[in-house]
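Undergrad: Quick note, the sequences are listed as chains A and B, same order.
Going by my numbering, 306 is the number at position 306 of the first sequence; the sequence numbering is gapless.
The number in my numbering is simply the position in the second sequence, starting from 1, with 411 added.
Backbone N, C-alpha and C fix where the C-beta goes; we use that ideal spot for every residue, glycine too.
Number of protein chains: 2
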Amino acid sequence: MLMKASTENLRKQNRGLILSALRRLGSVSHTELSQWTSLSSATVSTITTELEKEGILLREEQAPSAGRGRPRVKFRQNPNCAFVAIVRITSEMVQYSLVDYAGTLKDRFEEKRPPAETDIDTFSNRLKNDIQRLIERSELQPEQILTVSITTKGLVASGKPELLWSPVFEDKTMNFEDLLRPILPAQIRLTNDTQFAAQSIAEQRAAKLGGFSNRKLATLSLSHSIGLGIATEEANGKISSFAPPFGHMMHDPNGPLCRCGAHGCIESIAGFYGILRTAFEVDDDVVPAKFIPLKEIENIAVRARNGDHQSEYAFRKAGEALGIGLGRLLTLLGPMPIAITGHGTLFYDLMQTSILEGIQNTLQVRRNKMPEVSFHTDEGHLIFNGNVQSCLSDLDSNIISEQNGTKWKFN
Amino acid sequence: MLMKASTENLRKQNRGLILSALRRLGSVSHTELSQWTSLSSATVSTITTELEKEGILLREEQAPSAGRGRPRVKFRQNPNCAFVAIVRITSEMVQYSLVDYAGTLKDRFEEKRPPAETDIDTFSNRLKNDIQRLIERSELQPEQILTVSITTKGLVASGKPELLWSPVFEDKTMNFEDLLRPILPAQIRLTNDTQFAAQSIAEQRAAKLGGFSNRKLATLSLSHSIGLGIATEEANGKISSFAPPFGHMMHDPNGPLCRCGAHGCIESIAGFYGILRTAFEVDDDVVPAKFIPLKEIENIAVRARNGDHQSEYAFRKAGEALGIGLGRLLTLLGPMPIAITGHGTLFYDLMQTSILEGIQNTLQVRRNKMPEVSFHTDEGHLIFNGNVQSCLSDLDSNIISEQNGTKWKFN
DNA sequence: AACATTTTTTCGACTGTCGAGAAAATTAAT
DNA sequence: ATTAATTTTCTCGACAGTCGAAAAAATGTT
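Right under this line is the structure:
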């Protein structure tokens, strides 16, 4: 059912516009705000004074005048009006960061994960304690942290912060809401990490090109497991994203056993353990070890580059699974540029031919041109940045609804 | 870039709300409008009088009074304020319909397509003449027909009404805008037919359940070729849809030659010609005839049901391609109910096991429950209705923008 | 100190929605 | 027939929001 429009919503939307301009442009003057939002100067005035009174915005007195005339006063977010905790879970470590409302990193530490740990309770208790520590170190009141946003590999439930399936813990689920509610009242978010990598890359492009014409972008993360995120530019200019379990899309019904219990998933062939399996001709019904040192795959790559047939074949087969999978993706969602991240980019030379061949084998691609393929080595940063951006714009959305709310009174 | 909100947009949105209420509820009184839209009675008054003045709305005098009190006056769309031509192209015929703004069918005729006609110019000229005829029979001015909306099988360009690839004309493209511009000034739309089948089924469900909780629905059309439409319920309650070329998604890279020139497309195995190919063990590099009488497939089905192994195998293989393809779809877009239409539903018993097996083989489906599978034999109606609905709400959207426009002055 | 220039705020006009009461149109009762 | 009751629709004044233009503010220049 469509919603009716009221003058109240109208104001909300324009408040949101101001907030998003601030988010994108950093520190902005009244006039710039007016130009960017195309709101009249008068409206900008009323909204900014309102937000200032609510403690969300700060006027930055500006000293360096660049010419004659009244100097501009710049607005910026009040950094202390809210904080978010950003947790990034990787296979090797967990990274805890505290970020303020203006987006600046206030604190960070990392904890190595003990190798081969598969007990979920041990893991989650340590995670809880580490978040507790992050709060204590900050000397903030727990209520001042409005969001805890966690990224992980694996399949995430929609609507609630629950991990449904992950390479390490497999079918043992984990609800972060239940875990963290006792220690702080924040909103808990859980998101697939590659989704935020995609979001981040898409936002970079949109900022550079002023809206990325292509409307969609896929990000493929190559590593122990295979991740995929898809970012879409909506009609209103917002970029939304999602992360299907691409690694567990069926490639070959007669393929090898995957960690997920099915046969022939893309990951079972193109994940690091899949490559290792093919290289060492491990039996199809055996899943290789959960933790494979990167060094091991590098060795296979060296052998492949030196002409070892079986090693070459392992990478080629991986590329084939990825390429055909991407081709299927493009068939269903239309052609879009593809960004590749993760340690697996190191071995792209060995997979390139078969990946591109798979993509090429798509009706729309054959009819038009090959989609652009790009590489991004800073996966960790991308995920972190994507998470922060998404978190803070979420906060912005909450703020615009809470007009005159008493919630934002930290200063 | 987000759009600023103005009082003008505000009014537009509420005009749209009134129009969509009218579209859904048919003939509605002032009070009902107010309740349904949750706009105040005063606002409904101003908007309805405005729309009435513009000739878009009619007051329906006379109401069978159901008790004491002032009788309600009902509003309805002015049927004559606009007309649309609906063209439905199937492999056997082309159906031409004229529909008024209130959605009632004013005229309809069908023209059989000569069998085995593959010349695109002959076809398009006949189409043009037939539309010309539809206009002349109506005795309307060409300007009164605001939209010509065509449905077809095949791959349709986005943004312009161009057929990019179709089973019959293959790579010979066809731009309906160029074709029809000389004879009328209407907006020309071209859409894949299964997309509207999906749209129509989704709208039925939404109406019945008051918004279909599942948010997505896939419709599979089984016939000479394979079509797929996906309908999504957006946050605002609108249902949007698209139609990827699912039939040409790669099933098996070593599979048989498809009409599209690739090998192993789903359609090359599960389309009628694919089933025939397997049943008669036609060579993988040969594409069977373009026009296969339904009778032929029915014969294979009879043999299969009587236990003929090769015939059984043909349907089983088709089901496998469809099921695994649907599984891949669900992996990428999440679990959703599946509706099946087209003549191929007649043979569902022969494919059911392998279709369901393929769907079942999906991480999210294994973790939850099997998506609902339903059947719809009235494909033609679904496509027509979906097209009409989509056309008319499009018109509504144009109307709300053209406030005080002089465009709507037919009465 | 007066003037020029640029930025920001303020003011009045305009558009839109809403609530409440007035007006309209009908049935039921006298 | 007239009046009362009832229900629906319209109208009017209040309020919220945006906009353009003019006023005010803050600084540099002469």
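Just the C-alpha distance for Ser-785 of chain B and Val-156 of chain A, rounded to the nearest angstrom, thanks.
TA: Roughly 28 Å between the two C-alpha positions.
Undergrad: If distances are taken between C-alpha atoms only, which option among B:Arg-435, B:Thr-459, B:Lys-415, B:Ala-732 comes closest to Asn-425 of chain B?
TA: Closest option to Asn-425 of chain B, Cα to Cα, is B:Thr-459.
Undergrad: Between which two residues does the alpha helix (DSSP H) harbouring Val-388 of chain A extend?
TA: Per DSSP, Val-388 of chain A belongs to the alpha helix (DSSP H) from 379 to 401.
Undergrad: Residues in the stretch 656 to 672 of chain B with C-beta within 8 Å of chain A's C-beta atoms, listed in sequence order?
TA: Residues Pro-656, Phe-657, His-659, Met-660, Met-661, Pro-664, Cys-671, Gly-672.
Undergrad: For Arg-739 of chain B, which of A:Met-249, A:Glu-136, A:Ala-202, A:Asp-171 has the nearest alpha-carbon?
TA: The residue with the shortest Cα to Cα distance from Arg-739 of chain B is A:Met-249.
Undergrad: Roughly how many angstroms lie between the CA atoms of Cys-669 of chain B and Met-336 of chain A, to the nearest whole one?
TA: Distance between the alpha carbons of Cys-669 of chain B and Met-336 of chain A: 24 Å.
Undergrad: Would you mind telling me which residues of chain B sit closer than 7 Å to Met-3 of chain A, beta carbon to beta carbon, in chain order?
TA: Asn-647, listed in chain order.
Undergrad: Classify Trp-384 of chain A: buried if its beta carbon has 16 or more other beta carbons within 10 angstroms, exposed otherwise.
TA: Rather than Trp, the amino acid found at residue 384 of chain A in this sequence is Phe. It counts as buried.
Undergrad: Identify, in the order they occur along the chain, each residue of the same chain with its Cβ nearer than 8 Å to the Cβ of Leu-757 of chain B, setting aside the five sequence neighbours on each side.
TA: Here the set comprises Glu-709, Ala-712.
Undergrad: Drop a sphere of 10 angstroms on the beta-carbon of Asp-285 of chain A, count the other beta-carbons inside from all chains shown, and report buried for 16 or more, exposed for fewer.
TA: The residue in question, Asp-285 of chain A, is exposed, as its Cβ has fewer than 16 Cβ neighbours within 10 Å.
Undergrad: If we ignore side chains and look at the alpha-carbon of each, how far apart do Asn-361 of chain A and Gln-552 of chain B end up?
TA: The straight-line gap from Cα to Cα measures roughly 48 Å.
Undergrad: For Gly-152 of chain A and chain B, any beta-carbon pair shorter than 8 Å?
TA: The amino acid at residue 152 of chain A is misidentified as Gly; the sequence shows Thr. Not one chain B Cβ lies under 8 Å of Thr-152 of chain A.
Undergrad: Would you say Gln-424 of chain B faces chain A, with C-beta separation under 8 Å as the test?
TA: Gln-424 of chain B counts as touching chain A.
Undergrad: Does the beta carbon of Ile-637 of chain B come closer than 8 Å to any beta carbon on chain A?
TA: With 8 Å as the cut-off, Ile-637 of chain B does not count as an interface residue toward chain A.
Undergrad: Kindly list the residues whose CB is nearer than 7 Å to the CB of Ser-535 of chain B, restricted to its own chain and excluding five residues on each side of it in sequence; keep chain order.
TA: Cβ within range, chain order: Met-585, Leu-590.
Undergrad: Determine the contact status of Ser-221 of chain A and Thr-232 of chain A, defining contact as a CB-CB distance below 8 Å.
TA: Cβ atoms of Ser-221 of chain A and Thr-232 of chain A: not closer than 8 Å.
Undergrad: Any beta carbon of chain B sitting closer than 8 Å to that of Gly-405 of chain A?
TA: Bear in mind that a pLDDT of 47 at Gly-405 of chain A, under 50, signals an unreliable position, so the number given afterwards is only what the model happens to contain. Cβ-Cβ to chain B under 8 Å: no for Gly-405 of chain A.
Undergrad: With which residues is Ser-149 of chain A paired in a DSSP beta bridge?
TA: Answer by DSSP bridge pairing, in chain order: A:Ile-86, A:Arg-189.
Undergrad: What are the residues in the stretch 436 to 453 of chain B lying within 8 Å of chain A by C-beta distance?
TA: Residues Thr-448, Ser-449, Leu-450.
Undergrad: By the DSSP assignment, the beta strand (DSSP E) with Ser-240 of chain A in it spans what residues?
TA: Its beta strand (DSSP E) spans residues 239 to 242.
Undergrad: To the nearest angstrom, how far is the alpha carbon of Ser-804 of chain B from that of Cys-671 of chain B?
TA: Each residue's alpha carbon lies about 34 Å from the other.
Undergrad: For Ala-732 of chain B, which residues of its own chain have a beta-carbon under 7 Å away from its beta-carbon, when the five flanking residues on both sides are left out?
TA: For Ala-732 of chain B, where only same-chain residues beyond five positions count, the Cβ hits under 7 Å are His-662, Ile-677, Ile-680, Ala-681.
Undergrad: So what does Asn-425 of chain A bridge to, in DSSP terms?
TA: Residue 425 of chain A lies beyond the stretch modelled for chain A, which goes from 1 to 411, so this question has no answer here.
Undergrad: DSSP three-state label for Phe-410 of chain A, please.
TA: Note that Phe-410 of chain A has pLDDT 44, beneath the 50 cutoff, so the model's placement of it is unreliable and the number below is only indicative. Phe-410 of chain A falls in the coil class under three-state DSSP.
Undergrad: Using a Cβ-Cβ cut-off of 7 Å (strictly less than) and excluding sequence neighbours within five positions of Ala-442 of chain A, which residues of its own chain qualify?
TA: Residue numbering for chain A in the displayed model covers 1 to 411; residue 442 of chain A lies beyond these limits and cannot be assessed.
Undergrad: If I measure Cβ to Cβ from Thr-824 of chain B and keep anything under 7 Å in the same chain, skipping five residues before and after, which residues do I get?
TA: Residue 824 of chain B cannot be examined here, being either before or after the span of chain B that is shown, 412 to 822.
Undergrad: Can the beta-carbon of Thr-605 of chain B be found closer than 8 Å to that of Gly-648 of chain B?
TA: Not in contact: Thr-605 of chain B and Gly-648 of chain B (Cβ atoms no closer than 8 Å).
Undergrad: Count the C-beta pairs between the stretch 684 to 696 of chain B and the stretch 361 to 370 of chain A that are closer than 8 Å, then say yes if the count reaches three, no if not.
TA: Touching, no, given that fewer than three Cβ pairs across the two stretches are closer than 8 Å.
Undergrad: Does any C-beta atom of chain A lie closer than 8 Å to the C-beta of Thr-418 of chain B?
TA: For Thr-418 of chain B, the answer is yes, since a Cβ of chain A falls inside 8 Å of its Cβ.
Undergrad: Thinking C-alpha only, which one of A:Met-3, A:Thr-353, A:Glu-281, A:Ser-138 is nearest Asn-80 of chain A?
TA: Checking every option, the nearest Cα to that of Asn-80 of chain A belongs to A:Ser-138.
Undergrad: Return the Cβ separation of Ile-239 of chain A and Gln-199 of chain A in integer angstroms, given the expectation that the two are a contact with Cβ distance under 8 Å.
TA: The pair is a contact, with the Cβ atoms about 6 Å apart (cut-off 8 Å).
Undergrad: Would you kindly work out how many angstroms separate the C-alpha atoms of Pro-114 of chain A and Leu-333 of chain A, rounded to a whole number?
TA: So the alpha carbons of these two residues sit roughly 40 Å apart.
Undergrad: Given a limit of 8 Å on CB to CB distance, which residues of the stretch 735 to 768 of chain B reach chain A?
TA: For the stretch 735 to 768 of chain B, which is checked against every Cβ of chain A, the residues closer than 8 Å are Ile-735, Gly-738, Arg-739, Leu-740, Thr-742, Leu-743, Leu-744, Gly-745.
Undergrad: Nearest CA to the CA of Ser-634 of chain B: which residue from B:Gly-755, B:Ile-703, B:Thr-742, B:Arg-435?
TA: The shortest C-alpha separation from Ser-634 of chain B is found at B:Gly-755.
Undergrad: Residues in the stretch 359 to 384 of chain A with C-beta within 8 Å of chain B's C-beta atoms, listed in sequence order?
TA: So the close ones are Asn-361, Thr-362, Leu-363, Gln-364, Arg-366, Arg-367.
Undergrad: On a Cα-Cα basis, can you pick out the residue from A:Val-99, A:Ile-89, A:Val-388 that is closest to Leu-127 of chain A?
TA: Ranking the options by Cα distance to Leu-127 of chain A, first place goes to A:Ile-89.
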